[in-house]
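Right, one structure below, let's go through it.
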Amino acid sequence: MCGRFTQKTPAADLADVFELDQEPSELGPRFNIAPTQPVLVIANRPGPRRAEVMRWGLVPPWATDPAIGNQLVNARSETAGTKPSFRQALRQRRGLLLMDGFFEWQTLGKLKVPHYFQVADRGAFAVAALWEQWAPADDPAQVLTTCALLTTAPNPTVAALHDRMAVILPRSAWTAWLDPQPCTAEALAPLLVPYLGELAVTQVSSYVNVASHQGAQCIEPANSPAPNPRQQSLF
555 MCGRFTQKTP
565 AADLADVFEL
575 DQEPSELGPR
585 FNIAPTQPVL
595 VIANRPGPRR
605 AEVMRWGLVP
615 PWATDPAIGN
625 QLVNARSETA
635 GTKPSFRQAL
645 RQRRGLLLMD
655 GFFEWQTLGK
665 LKVPHYFQVA
675 DRGAFAVAAL
685 WEQWAPADDP
695 AQVLTTCALL
705 TTAPNPTVAA
715 LHDRMAVILP
725 RSAWTAWLDP
735 QPCTAEALAP
745 LLVPYLGELA
755 VTQVSSYVNV
765 ASHQGAQCIE
775 PANSPAPNPR
785 QQSLF
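First residue of the sequence shown? That's 555 in my numbering, and the numbers climb one at a time after it.
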């Protein structure tokens, strides 16, 4: 899964990289984004490409309680087309979740050792996402727009730490994924594959382990590398 990420790229640079017709909302540099927090998503709406603010954690339109979104942060790409929470969104409401790095943790005994992943150029990239709009029955004007990111099998770099990874979409896939027309899960499947590009990974400070911690300290390299589990097993 992907449960924490960064988005510190300035709004003007995001507009340039993702060919937006206007700069997105400036949420500020964010170094430890967690579920239920606001995130930037390019939705597959007709018209000019724009990034909008959504809450991370998808709330299906049929839900009676928006708290369900706290558990619907990630969607498995292989099964999203069959799950009641995700199948209509996969068919009709797709988006690009904007980030510039994500965290995964290595378990060593009782320790959770954080690692920070970036694409090779250390810039912003797009993760396949699904989005929905929900409103309470007693106040339909109070619309909440939410999202979940899609996961797939890990590439070799991520596989060293986790058995899933976010679906990072290359630029060549953005237009197809953002097509506002309904699309079947079978037609979309070729896009939802492990990332083929290079990922840079750095062991970082355990400061990031606490979701409320913010700031550049979250991505500072750790003072010393984690012990190799294979080496530990020799003693």
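We treat Cβ as the ideally placed atom computed from N, Cα and C, and that holds for glycine.
Neighbourhood of P783 by C-beta distance below 7 Å, restricted to the same chain and skipping five residues each side: With a pLDDT of 42 at P783, under the threshold of 50, the modelled position of this residue cannot be trusted; read the value that follows with caution. Spatial neighbours of P783 in its own chain (CB-CB distance under 7 Å, excluding positions within 5 residues in sequence) are listed in chain order as L662.
L612 to Q646 span [Cα, whole Å]: L612 and Q646: Cα-Cα distance of roughly 14 Å.
Cβ contact (3+ pairs, closer than 8 Å) linking the segment 669 to 681 and the segment 689 to 699: Cβ pair count under 8 Å is below three, so no.
Bounding residues of the alpha helix (DSSP H) (the contiguous stretch that carries Q646): From DSSP, the alpha helix (DSSP H) with Q646 extends over R641 to Q646.
Bridge partner(s) assigned by DSSP for G655: Residue pairing by DSSP places G655 opposite T560 in a beta bridge.
Residue environment, L665, which counts as buried when at least 16 other CB atoms sit within 10 Å: Its Cβ having fewer than 16 others within 10 Å, L665 is exposed.
Contact check, S631 vs L746, beta carbons under 8 Å: Yes. Within cutoff.
The segment 604 to 611 touching the segment 574 to 588, judged by at least three CB pairs closer than 8 Å: Touching, yes.
Beta-carbon proximity of P620 to L568, cut-off 8 Å: No, the pair does not count as a contact, with Cβ atoms beyond the cut-off.
Residue interval of the beta strand (DSSP E) (run including L698): Segment L698 to T706, the beta strand (DSSP E) holding L698.
Chain-order list of residues whose beta-carbon lies under 6 Å from that of R756 (same chain, five-residue window excluded): It should be noted that the sequence gives Thr, not Arg, for residue 756. Around T756: Y670 and P775.
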